[in-house]
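Novice:
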Amino acid sequence: MKFYIDEVLVVFPYEYIYPEQLDYITELKRGLDHGGHMVLEMPSGTGKTISLLSILVAYLNHHAEEKRKVVYCTRTVEEMVKTMEEMRKLMHHWEVEGASLQPLRGICLSAKKHLCIEPNISQYPEEVDPRCREVTVPWQRSNRCPFYDTIEESPVDLPPGVYSTDDLKQLGHTHGVCPYYLVRRALKAADIIVHSYLYVVDPIVSEVTKEFLGENTILVMDEGHNVDDVCIEAMSLIYTKKDSFDAKDNLKALGRELDHMKATNRQQLQDEYNRLVNGLAIAQMAREATDVRHITQAPEVPAALAEQAIPSSLRVASHFLSFLQRLVDYTHRIVTRVSRTYVADPLTFLSKVREECSLEVSHFRYLAERLKVLLTTLQITQTEKFRPISLIAQMFTLLSTNYTDDRYEKPSFVVVCEAHDPARPLVPDPVLRCVCVDASLALRNVFAKYRSVILTSGTLSPLDIYPKILGFTPSVSKSFQMTLSRKCIAPVIITRSSESMSITSEELTSSFKVRKDEAAQAIVTSAYESLLFELSRSVPDGIVCFFTGYQYMGEILLQWHSSGFLQELAKNKLISVETQGVEETSVALANYRHACDIGRGAIFMSIARGKIAEGIDFDRHYGRSVVMFGVPFLPPNDETLRQRMHWMEVCLGISESEFRNFDAMRQASQCIGRVLRNKTDYGMMLLVDRRFGLNDKRKKLPAWIQQNLKENTNLSVDAAITVCRSFFREMAQPWAHEKDLGTTLLSKKTLQKMGRMSPSEPPTAVGGEGTPSIAGSDPVSGGRDERQDEVITAVREPGQHKRPREC
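Residue numbers (UniProt numbering): 1 to 807.
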């Protein structure tokens, strides 16, 4: 269908549209017109992706003369593929509707391992980058990659269209060119670029796209509920004890390569020195990072700028290696001798380095660039072997450029040295961490440069936290509810094992206090058993269980195995368990899906913040019920986390308890949201812990979940099972989509009555086809009449609905 949002023609590739989709599109359009940043929480399973693409394509088409670009960020390659398919479907529908669409190019930018078509390289997915470098470097004269060289000899321009990774690889085979560098060349002409978060938050990777994006760029951060954690991870570094020994070996290897070059090609070193003196080396390296061609010349740089770029003490290669040797020895002493946790701000840490190593701290900021120049001069292609020494250079470069922050009282980085890696507390493996505590540091330039940044997800509540953490002021901040004509989700909070509350220990919780009390923990474990066993008898097909972590899941499963409960449970459904191994988890997930497909039914045991909680959808029969055992709080003894929370409390006014509750509830919401991936789906959401019933946690659930909680916030195990059986009996009843027309499904006729079929007609009251009249969405505010919000619906099965379920 096609309709108007004010003056903008929007094409939507389905026969019907949900009211919340219409509100979402309207709110997005208003935000784009206003020119500010947006925080929008859209319920899971309501077609957020296609709604986004519909208004973005329509907006680009309507404002074609402005030459604006859209950058669409996702988390995984699978999500990038889904986005490209939705975009392809949308573009095709513009043709079907006969609407006039300006030529647009939508491309998918991914890593080399997803785009390489050279047979001798692509067969080694984990080694694509170094192998590619070996056959593309300028000094490699033989065994070069033919696809890479062809990109210069026979340039190929992408015609308008949508290009996924598979399309690009096919195009590469057809024309004999490298798909990866073909995309890099096409960035300038592309209108919509789909890539991962790293191309925005990582300071090194972001150089690939930065120069092709202007201030009018519209940046979308889809599934942005964990964007702050992604920023922290991208800006932080970890240096282990093994790295310290490997860094010493790296220096010896660099010394040997330098001696060899002195003996065989001294002029190469002299040329490097001359380029550094003239400021050419850094300029050349910067251009090579974003250009396919090897640059042999670089523009002249003023002497003052050259002096600022690389200090004279670092220009001679042997002097530079001596400089690095002192830093490597110093960090080696720290990492190998640490016996307790040590925390220091960058200025204190660097002052100590200056005293003990007699080095000029101001020169640290050039280490990373100088090392890259040296590796290039020595013609080293296996740069991943020199990762440890590169970590040293990056760490001191980061600390020397971020030890002060004029915006806040405390610096954005902190140095933490620990005797044990928190990820493996029983292994004596010391680590030195350069920890970024300010998530906004990675996105500061993004929010300042681009006119519109859209942060959206199904779990962003509470909405006021993200702007504080990421350092921006949104012009639009809104959480949308889900319109339902019958209740297709049933969230419940289970707080106790039985209706009797005479014994305090009957309250269910995963707190450490209870876990240390054997008697109390035995009651909790028994209640878990009763709940899960009855669910296995009442819930059809698949059940997904989430625990707070691997340790807690291991403790519970061990008790269940000792009591014989797992054997009894397996009689009802097959049991699969997530492990820390990727391959093992993949096999377990495949077995789980197969058991659901053949009608055996299955239970998947997994953890919050794990591989299953973030990247896997349990739609339809793969997830008829999801259970969250315990509140997934962050680990209390993580020193780097404590430093981050202390920084937020001092600089942002976000207390430690507030952030812990916020993070725990967004993780819990993400877990239980796995059960509903579209509005034709249905399932139960069970939050099993008395703390979920507290206001400070329950109110942090997304609005679309809260609207269905109602009185089910303090149930016993038995009461929850009663709700479960009643829910699935109701879902088993047939349901015709005609009952939803005009309320939760809007057709062309409904939109016409709302005044959406022309750019000038004002909105009017809606008369649903055969249903009571309700107020339509206002074209400016996106608001609906309260009567519409009270209508509750769900469509039963895909076969009974004309509108494809993936929307």
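Where a beta carbon is used, it is the ideal one built from N, C-alpha and C, also for glycine.
Below 7 Å, is the gap between the Cβ of residue 619 and the nearest heavy atom of the ligand FMN?
Specialist: Among the ligands in the structure shown, none appear at all, so the ligand FMN cannot be discussed.
Novice: According to the neighbour-count rule (16 or more other Cβ atoms, all chains shown, within 10 Å of its Cβ), is residue 558 buried or exposed?
Specialist: An exposed status is given to residue 558, since fewer than 16 other beta-carbon atoms sit within 10 Å of its beta-carbon.
Novice: By DSSP's criteria, residue 2 is part of a beta bridge. Which residues make up the other side?
Specialist: 11
Novice: For residue 193, which option in 264, 494, 209 has the closest C-alpha, if you only look at C-alpha atoms?
Specialist: 209
Novice: Have a look at residue 302 and residue 12 and give me their C-alpha separation to the nearest angstrom.
Specialist: Unreliable placement is indicated for residue 302, whose pLDDT of 39 sits below 50; the coordinate value is still reported in the next sentence. Answer to the nearest angstrom: the Cα atoms are 55 Å apart.
Novice: Helix, strand or coil for residue 605? Go by DSSP, reduced to three states.
Specialist: strand
Novice: So, do the region 118-133 and the region 77-84 have three or more beta carbon pairs nearer to each other than 8 Å?
Specialist: No, because fewer than three Cβ pairs between the region 118-133 and the region 77-84 fall closer than 8 Å, the two stretches do not touch.
Novice: Any idea what DSSP makes of residue 719, helix, strand or coil?
Specialist: helix
Novice: What residues match up with residue 491 in a beta bridge as DSSP calls it?
Specialist: 685
Novice: Could you check whether residue 541 and residue 677 sit closer than 8 Å to each other, using their CB atoms as the reference points?
Specialist: no
Novice: Determine the extent of the beta strand (DSSP E) in which residue 628 is found, giving its start and end residues.
Specialist: 625-629
Novice: Grouping DSSP H, G and I as helix and E and B as strand, with all else coil, what is residue 41?
Specialist: strand
Novice: How is residue 779 classed by DSSP in three states: helix, strand or coil?
Specialist: For residue 779, the pLDDT reaches just 31, beneath the cut-off of 50, and the residue's location in the model is therefore unreliable, although a value from the coordinates is still provided. For residue 779, the three-state secondary structure derived from DSSP is coil.
Novice: Give the single residue among 553, 121, 329, 227 whose Cα lies nearest to the Cα of residue 470.
Specialist: 227
Novice: Between the alpha carbons of residue 667 and residue 515, how many angstroms are there, rounded?
Specialist: 21 Å
Novice: What residue does the beta strand (DSSP E) around residue 326 start on, and which one ends it?
Specialist: Bounds of any beta strand (DSSP E) do not take in residue 326; it lies within the alpha helix (DSSP H) bounded by 317-337.
Novice: Going straight from the alpha carbon of residue 49 to that of residue 467, what length do you get?
Specialist: Rounded to the nearest angstrom, the gap between the Cα atoms of residue 49 and residue 467 is 22 Å.
Novice: Establish whether the CB of residue 315 and some CB of chain B are separated by less than 8 Å.
Specialist: The displayed structure is made up of one protein chain only, and chain B is not part of it.
Novice: From which residue to which residue does the beta strand (DSSP E) around residue 221 run?
Specialist: That run of the beta strand (DSSP E) goes 218-221.
Novice: Using 10 angstroms around the beta-carbon of residue 390, count the other beta-carbons present and answer buried if the total reaches 16, otherwise exposed.
Specialist: buried
Novice: Cα separation between residue 502 and residue 526?
Specialist: Its pLDDT being 44, under 50, residue 502 is placed unreliably in this model, and the coordinates cannot settle the point.
Novice: Do you know whose CA, among 385, 635, 15, 443, lies nearest residue 512's CA?
Specialist: 635
Novice: Answer with buried or exposed for residue 43, where buried requires no fewer than 16 other C-beta atoms within 10 angstroms of its C-beta.
Specialist: buried
Novice: Of the residues 429, 367, 409, which one's Cα is nearest the Cα of residue 337?
Specialist: 429
Novice: Determine which residues share a DSSP beta bridge with residue 436 and list them.
Specialist: Beta-bridge analysis with DSSP links residue 436 to 413.
Novice: Just to confirm before moving on: does the CB-CB distance between residue 431 and residue 238 stay below 8 Å?
Specialist: yes
Novice: Pick helix, strand or coil for residue 639, following the three-state DSSP scheme.
Specialist: Residue 639 sits in a helix when the DSSP states are folded into three classes.
Novice: Tell me which residue opens and which closes the alpha helix (DSSP H) that residue 365 is part of.
Specialist: Residue 365 -> no alpha helix (DSSP H), and no H or E assigned at all.
Novice: Quick one: what's residue 75 bridged to in DSSP?
Specialist: Partner(s): none; residue 75 has no beta bridge.
Novice: I believe residue 592 touches residue 576 by the beta-carbon criterion, under 8 Å. Please report the beta-carbon distance rounded to the nearest angstrom.
Specialist: 4 Å
Novice: Tell me whether residue 465 sits in a helix, a strand or coil according to DSSP, three-state version.
Specialist: helix
Novice: What residues in its chain sit with their C-beta under 6 Å from that of residue 713, if we drop five residues either side in the sequence?
Specialist: 493, 693
Novice: Please go through the same chain and pick out, in chain order, the residues whose beta-carbon is closer than 6 Å to the beta-carbon of residue 145, but skip the five residues on each side of it.
Specialist: 118, 135, 136
Novice: Roughly how many angstroms lie between the CA atoms of residue 254 and residue 446, to the nearest whole one?
Specialist: 37 Å
Novice: Whose CA, out of 56, 441, 246, lies closest to the CA of residue 230?
Specialist: 441
Novice: Return the bridge partner residues of residue 344 from the DSSP annotation.
Specialist: 415
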